[in-house]
Every structure is written in structure tokens, then in C-alpha cells.
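The next block holds one structure in the form of C-alpha cells; read it before the comments.
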Amino acid sequence: MPYILSIVTFLPLVGALAVLMARVMAKSEEAAAGPARWIALIASLVVLAVSVVLVAGFDPSNPAYQFVEMVPWFAGASYHLGVDGISILFVLLSAFLLPICIIASWSSIKERVAEYMIAFLILETLLIGVFTALDLFLFYIFFEGTLVPMFIIIGVWGGANRIYAAYKLFLYTLLGSVLMLAAMLYMAATAGTSSIPELTAYDWPVGVQTFLWLAFFASFAVKMPMWPVHTWLPDAHVQAPTAGSVILAGILLKLGGYGFIRFNLPMFPDASEYFTPLVMVLSVIAIIYTSLVAFRQTDIKKLIAYSSVAHMGFVTMGIFAGNDQGVQGAVFQMISHGLISSALFLCVGVVYDRMHTREIAFYGGLTSRMPWFAAIFLMFTMANVGLPGTSGFIGEVLTMVGAYQVSTWAVFFAASGVILSAVYALTLYRNVMFGEITNPALKAITDIDRRELLIFVPLIIGTIWLGVYPAAVLDITQASVSAVTAAYQTAIGG
Amino acid sequence: MFDINLALQIAAPEALLAIGSMILLMLGAYGGEKLGRVVSLLAVALLIGAAGVAANAPLGMVFNGAFVSDPMSVYAKVAIYLASALAVVLGDGWTRRNGIARFEYPVLIVLAAVGMGMMASAGDLMSLYVGVELQSLALYVLAAFHRDDGRASEAGLKYFVLGALSSGLLLYGSSLIYGFTGSMRFDEIAAVAAGGAETGLIFGLVFLICGLAFKVSAAPFHMWTPDVYEGAPTPVVAFFATAPKFAAMVLFARALSEGFGGAHDQWAQVLVIISLISFAVGAFGGLAQRDIPRLLAYSSIANIGYALLAITAGTQAGLQALLLFMTFYMVDTLGFFALLMALSRGGRPIRRIADLAGLRKDKPVTTIAITVLSLSVLGMPPFAGFWGKFYVFGAALQAGYWIVAALGLVASVVAAFYYLRIIKVMWFDAPPEGEGAVDPSPRDAQWIGWAAAAFSFPLVLIALTWLEPLARNAATSFGAG
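Heads up: the sequence lines are chains D and L, in that order.
Here the first sequence stands for residues 115 to 608, numbered as in the working numbering.
Here the second sequence stands for residues 934 to 1414, numbered as in the working numbering.
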């Protein structure tokens, strides 16, 4: 299929326009809700189908960018798209999670359904665009653009304190991004090109690298989020609607890690090596500190949000290890976390839809009333802890193997973080699921229905499949990751 | 030596406007108020005609160097005259609806346009001053146009007193520059100041910069802006915020780059300080504002800071950035004010941010348009305002002003807060209780606002492909480095 990348990028936008048409033609907001849901679902499924075709046509042995499209634009920028073994998986992940988001919001979103679906479809275009863009400024447009629909999703359909959370998300991320924009403008002016492949090959002076690295780091560290700039994430997660949390944890956080692999590591290798101790320390603090913070949370969503920060610590650790295992592990961990954390937020959504509270203390003994839910929640809790056989295990082990070659101490502390994750995750599970039902409000709670089962099945399959057969991901990323790490090791003379 | 034919051809747009405004004045004076609408229509036609003539004017320098026509002035004039024409359209409907319609309104705008055309073409200090004064006098009257309204009169008086002060500074600076260089022509001044300005000349230069900074409302010479924006009639503010600023910025760029190209290092220091203060005042001052025109006043201060940063760069890329930035800023601001004029609740115009609450229910398209314009001024990609900033910061970084650029970008994040508040109020808040729905919008203002939003996105992506080379060509006018 020619122009397949443009198609997969802008197809959701076409879906958004169709929903808009349906909204304009419908007599009332309520009348537009039904068609809006179906159009959005169909559009997102078509996008998923196209992205599967994309992956099927991808040649994993070739580390170069594939399906490249290039049209000169203004300001020296160009409309330049392409995917390699790393970005194609994130395209697939985005396309995979979006139908799940839409089904998950099927009955929980009752107001302004058409607008909601439009926001999600626009967000999907922007997210896929970030991963397919091969031009600095095109990347920036998509990267920054994601803020607007996210701001609206949290601000309109969020919880009680949604305004605060929406502002915090927007302003934190914007502050990081403008510094990145300054660096991008400098790079384009100095190198005379804004093409990412060409800039990767450009040899920056060591002194300049430091500044550019810090500017990009400011942006991606906030997005990731790394300690200590992670504080926007728990607020955003708690206030966002369930599907908003899924997209946030599943894909938006991965923009940071993707950015590190695409920009910081290959473009500024000397600076990356120089700052590796800093990143390692921040990652270890993130893993241990946020795990401890998670343990003290009284809100289920906040707990999972903090656990996301901890798991992202493994990703940064793996990336800046700068070797095959580390970066492979980081990509794997991001994909795996995209499935697991999405599923956990969906689990929270299941109980929240029924009881409209996320207080841990409110719950207890749900196992007796919700056996199916208990099994699913247990599975993802275990995957979150990193139980062998689930995808969470592979990611953590690979990143630690990679980081071990750079810093033994970092891995020593990070490994203790694995134990801490078991502590908070199992405590949460015990408090919510086990014991006697003491709260009378819970007596009538019902088990998950078919629609909810439908959204968990693909996530369960994905988590287990990647856990027992990680090569499914690793084979695709292998060539591209090796190209990145080999160049990095050559550049730092290792 | 002096070719009167060429001179007339080059000055044709201004001559056309000057003569036309006299005819309109006669028409209004003798025809009375029943010809008001005709005068407005003719004024619009005149301005559009002048833009067309300006676009095809020959290039050159006439009247002994006092009047210049180059790609820069051509670009600026077309933009200025078209913006003025829109201001006439907006004002005509607004004054009519508010019962203060007078034929003087279009005439004054045309007269101001003559002054702005002269500013864009000023080749020496004399035409610089005459152009600025001609424009300012018309604007003082416009600010107080709603003469039964106390706040408008106050705004007019404030504007007049501070404007007169700045004209004084301008004149004093000009006399110093003349005294130390022995010439009023920019090209001859440039020859004297080629290796940097001596102390006396620097004094003159600083006075000149301060005078012009008053006119563009850059901090710390911005004090009049919020009050005038708040008090003056809305269409007049829409005009103030767009065309005169554009003309003054072009004049600023010309006087500094052409007259003092060799002294770039010296004036750049002053401009850097002014830009930084403007970023800060615009960003932090806007946070506490509840009144939309006042908010836009602070937003304009911050944006003028960005435009000055483009001049500071002192390169062709900087001048190109200046033109593109001001063009986009002008479109966004005009659109913003047009939509503000289109909104009222129960007959009272919407002035406070809180009045916008729940707008999405009553006016979905207008809400989207205001959202687009807010995001554009905020500098979100891929809206027009982003591209303006993109060129400005690109030029500044290229010229080595990376600390100023970084601080400017950080200030834009602070400013983002108040643009987001507008979006938040419209989308997230419930409409005020006990108040009726928003009134039906007048069509003229609403369509101009929608068109501006459509330009901000997505039309800008197409428009840039021809605006960019135009602006690049215009930027070659001064022979800056």
C-alpha cells in the first residue's frame, strides 16, 4: 500500500471528521451519542487493521527507516515520515489501545459523547504522528499537539479536581517542550537540515551536545515522567476519565522514552555518556522512592500512577545503559507497561463505574462477589510486579542486565525496587479483593460483563504472549536497536 | 535629477488615500449621517484600492531620500491597508449597533492609514516623525470616539498625554541624531554610524528607541496600553492592536537596521532589555486580569517583546521573522476582537473572561474559533502563532541570542496560563445562572472572527508557502547582514 504511513496517521482524523458530521446532523447531543460511538469504534478498528498490515509489510532485518514519505514543506522543514523497528511497535500499540479506550468509555461517558470521541481520534492521529515523524518540526508539532486533546479530555470529562490537573499537565509539559523547541531551532539552523536521520549522523561538538541534551532531556523527562518532575502524573491520572488514564499511561508516557532513544542517545552520545550517572541516580530514586510513595496511597489510581513512575525508572535506566540489552529491555518494558498499566487502569475503571469511588479503604472482599474480575486483576497485579511468564518480567530483567554492565550499584538498588513493587501491589490487592465484605455498599456489586471482558481479553493475551514469547517484540526491534547502540558505543569509544 | 513622475507613482497609495479621505470628509460633512454607510463602504474600497496600488508600486527612493519604496514597505503597506479596511468594516457595524455611528470614523481610519503608509516608507527622520504624528493624531481622536462614555474619554486623554510625551522623546532623539550626524537621511546616518555610534549619537538613538517603544507599547513604556484597551471602543482597540503596531514595528526595524546598521551591537543591548521586560510584564501582568481587553493588552505587550527580539537579531532572517510574526499576530488579534464584538449577553457586551462561561452550548463554532485563536497566540503548533514564534526564535538563536530566546520561551509558558483560562472557561465551566443565553451574533464581526480562526488553522499551512518567500524577499530590503 503506498502512503500507508500517511494513511495510518491521518485515518483517525478522518474518523473524527465523520463523528463531527454525525454530531452536526444529529438533532441533539443525545441523538449523536450512539452514532458517534460506533463511528469512532469502526474508525479505530480500521486504523488497527491498517497498522497490522503495516507491521506485516515491515522488514525487521533492515535497521533503516521504511515506508519513507518525503515532501518538502516550508521553513526548511519537510513532511517526512518513516518507521523503524522501534517506532513501528509504538504505532501498533497506539492503534491497539485506542479501540479499547473507546469500548471502555462506551457506557461510562454519557455527556458530550461526540466531542469525547473526536478528542480521542484526534489524539490518536497526533500520537501515531509522533512515532512516524522523521522531521524535527513535524515531530514537535505532533508531540506538542497531544497536549490540547489531553487538556480537554481531563478538563471536560475528568473528576472533581480536574481543572487543576489539566493545567498542571499542560504547563509542566509545555515548559519542558519549549526548551526542546529552542534546541531544535538551534540544531536546524546549525546543521542546515531538520531531517532526523541526517541530524543523527551530524557530529555535534561536545560542548554544544551538553546544552542540547539538557534541552531535550527537560522535555522528555517531564513526559516520561522522571523523578522529581513526575508530580503532574498522579494528579492527571486521578482526575482523568478511565480511558484518558489508559492513553496517558499506555502511550503518552512512552513519548518520553521514545524521545530518549530517538534523540538524546544517538544524537548526543558524548553528553549521554557524561550524564549517564545522573540518569541512573534519578532512575533509582524513581524506582525506590515512588514505590514507597505508592505504598502509602489511599487512592487506587494514584497508587497505580506512582507505580508507573517507578516502572518508567527501569526504562530510563535501560536506555542510558546504551547497550543492546538495555535499550531492547527499555523498548520491551515500554510496550509491556503499555499493556499492563492500561489494564490496571481499566480494572480501576471497572470498580469505579460501579461504586464511583477509588478509595482503597472503601473496598474489601470483592473476590467473593467478582470472581472473574478477581482473576483478571490478580493477573495484571502480578504482571505489574514482574512475575516470570508475564511481559513485565522480561522488560525489568533485560533493562537490569543492560544496566548491570554500566553500573552495578544502580541495578542493586533497582532490584530492591522490584521487591517494593510486590509490597505495594500485593497490599493493594489484599485490601481491595481479599477478606470479608465489611462495607454493605459492596454487597450488590456485580462481576464484569461481556463488554468489559472484551476489553481485557486482548490485553491478557498480549501480556502472556509477550511474557512467554518475547521474541515477538525483540525480533522486530533487534536490528534498529543494534544500529542505535552500535553507533553510540562507537561514538563514546567503548 | 528629481523625477516627479516616479515620485508620484511611488507615493501613489498614500496620495490616493489622502485625497480620498478629503473627498470622504466632504461627502460626510455635506451629506450628513444618511451617507454614513456610503462613506464606510467607500473607505473600505479606498483602502483595498490603495493596497492594490501599493502592491504594484515601483521601487525606489524619492523626495530626496525621505520616501522609500522597497519590498519591505510594499509588504507592510498591503498588510496595513487590508487590516485598516477590516477595522472599518468592524467599526461600522459596531458603532451602528451602539448608536454612536458617525461618518468621521472611517475617515479617521483612512487618515491614520496615510500616516502608517508614511511610517512604512519613511526614509529619513523627518518623514518618520511626520508619519508617526499623522497616525497618532487620528488615533487619539478614535480612542475617545465614544465621547459620551467616560472611560473612552479617559482612554483618549491618557493615550494623548503619553503619546505626546513619546512624540517629544522621538523629536528630541531625532534632533540629537541630526546634530551629531549632520543628516536626517537614514542612509547618510548609516554612513556616519558605520563603525558604531559615538556617545552623543547613542543618546539620540536611545531617545528614538524609547519614543518608538512607546508607540508599540513595549515594556517599560507600556503603561497606557491596558487602560486604553479597556476604555476605548472595541473596534478601535482592534485597530490599535493591529495596523499601527505593524507600521511602528516596520519603522522601528527600518530606523535601526538601515540607519544604524553599523551600531547594531549598541542598540541591540537596549532592545534585549526592552524585550525581556516586555516578556515578563506581558506574561506576569496578564495573569491577574479578568477583563478580556486588558488581558489582550498584556498579551500584546508580550508579543511586541517577541517582535522586538526579531529586530534585535539584526539579520535578514530576523526581519523575515518580524514580518511573518506581525502578520500572524495581526490576524489572531483582529479575529479575537471581532469575536469579542460578536458576543453579548442580554444586550450587554461580554467583557470579562468569566462571562464566556458555558459558551460552547450557545455558540459552538465561535467557541472553537476562540479556542483556535487562543492556542495560536499561545504558540501551540501547528497554529499560525506557533509559526510566527518559530521564525522569531529561529532567527534569534541563529544570531546567538539564545539566553533571551530561552527566557522568552519560558515566559510564553507563563502566558499560556491565561490563554488556557479562556479555553477552560468556555469549555469546562457551566454557564452563569440566572442569565439568558448569548445573543445572536452580528454577522460581520462573527464572519471576520471565524475567517481569522480558519486562517490560523489550517489555512496558514498553505498561506505560509507564499508568505514565506514574500517576507524573505522583503527582508532583503535593508541590506542587513
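Just so it is clear, CB atoms sit at the ideal spot from N, CA and C, and this is done for glycine as well.
Rounded to whole angstroms, the Cβ separation of residue 1322 (chain L) and residue 1239 (chain L) is 6 Å, and the two are in contact under 8 Å. Nearest CB-CB separation between residue 1398 (chain L) and chain D: below the 8 Å threshold. Annotated three-state conformation of residue 194 (chain D) is strand, per DSSP. Beta-carbon to beta-carbon, residue 211 (chain D) and residue 452 (chain D) are separated by about 7 Å, close enough to satisfy the 8 Å threshold. Nearest in C-alpha terms to residue 1071 (chain L), of all of L:1337, L:1103, L:1033, L:1037, is L:1037. Closer than 8 Å to the CB of residue 278 (chain D) there is not a single CB belonging to chain L. Taking 8 Å as the cut-off, the Cβ atoms of residue 480 (chain D) and residue 559 (chain D) count as close.
Contact between the region 1301-1318 of chain L and the region 1326-1334 of chain L is absent, with fewer than three C-beta pairs closer than 8 Å. Contact check between the region 1002-1015 of chain L and the region 598-606 of chain D: fewer than three CB pairs, one atom from each, fall below 8 Å, which does not count as touching. Shown here, residue 442 (chain D) sits in a helix according to DSSP, grouped into three states. Assignment of residue 1282 (chain L) by DSSP, reduced to helix, strand and coil, places it in the strand class. Taking a C-beta distance under 8 Å as the contact criterion, residue 219 (chain D) and residue 355 (chain D) qualify as a contact pair. Here residue 1076 (chain L) has 1085, 1088, 1089, 1092, 1093, 1161, 1164, 1165, 1169, 1173 as same chain residues with Cβ atoms under 8 Å from its own Cβ, once five neighbours each way along the sequence are excluded. Closer than 8 Å to the CB of residue 1313 (chain L) there is at least one CB belonging to chain D. In this structure, the straight-line span from the alpha carbon of residue 1410 (chain L) to that of residue 1185 (chain L) is close to 14 Å. At least one CB of chain D lies nearer than 8 Å to the CB of residue 1331 (chain L). Taken through DSSP and simplified to helix, strand or coil, residue 1147 (chain L) comes out as helix. Cβ contact annotation for residue 1290 (chain L) (same chain, cutoff 7 Å, sequence separation greater than five): 1358, 1362, 1363, 1364, 1365, in chain order.
Excluding five sequence positions before and after residue 1350 (chain L), the CB atoms of its chain that fall closer than 8 Å to its own CB belong to 1220, given in chain order.
Under the Cβ criterion (8 Å, minimum of three pairs), the region 471-488 of chain D counts as touching the region 536-547 of chain D.
By the criterion of a C-beta distance shorter than 8 Å, residue 305 (chain D) is surrounded in its chain by 312, 313, 316, once the five residues flanking it on both sides are discounted. Any Cβ of chain D closer than 8 Å to the Cβ of residue 1086 (chain L) would place that residue at the interface, and such an atom is absent.
In terms of beta-carbon proximity, residue 1357 (chain L) lines the interface with chain D, with at least one pair separated by less than 8 Å.
Using a CB distance cut-off of 8 Å, residue 1327 (chain L) counts as an interface residue toward chain D. Listed in chain order, the non-local C-beta contacts of residue 1386 (chain L) below 6 Å within the same chain comprise 1268, 1302, 1305, 1306, local neighbours out to five positions each way being set aside. Counting along the chain, the unbroken alpha helix (DSSP H) around residue 311 (chain D) starts and ends at 310-315.
With contacts defined as CB atoms closer than 8 Å, residue 165 (chain D) and residue 195 (chain D) fail to qualify as a contacting pair. In this structure, the alpha-carbon of residue 1031 (chain L) lies about 18 Å from that of residue 972 (chain L).
Here residue 290 (chain D) is near residue 335 (chain D), since their CB atoms are less than 8 Å apart.
L:1025 is the residue among L:1016, L:1286, L:1025, L:947 whose C-alpha sits nearest the C-alpha of residue 1377 (chain L). Residue-level contact check: residue 487 (chain D) does not touch chain L, since none of the beta carbons of chain L fall below 8 Å from its beta carbon. Judged by pairs of C-beta atoms under 8 Å, the region 169-187 of chain D does not touch the region 522-536 of chain D, as fewer than three such pairs exist.
Contacts with chain D at 8 Å (Cβ-Cβ) include residue 1401 (chain L). DSSP, reduced to helix, strand and coil, places residue 519 (chain D) outside both helices and strands of the structure shown, so it counts as coil. According to DSSP, residue pairing for residue 482 (chain D) in a beta bridge does not occur. Around the beta carbon of residue 446 (chain D), 16 or more other beta carbons lie within 10 angstroms, which makes this residue buried.
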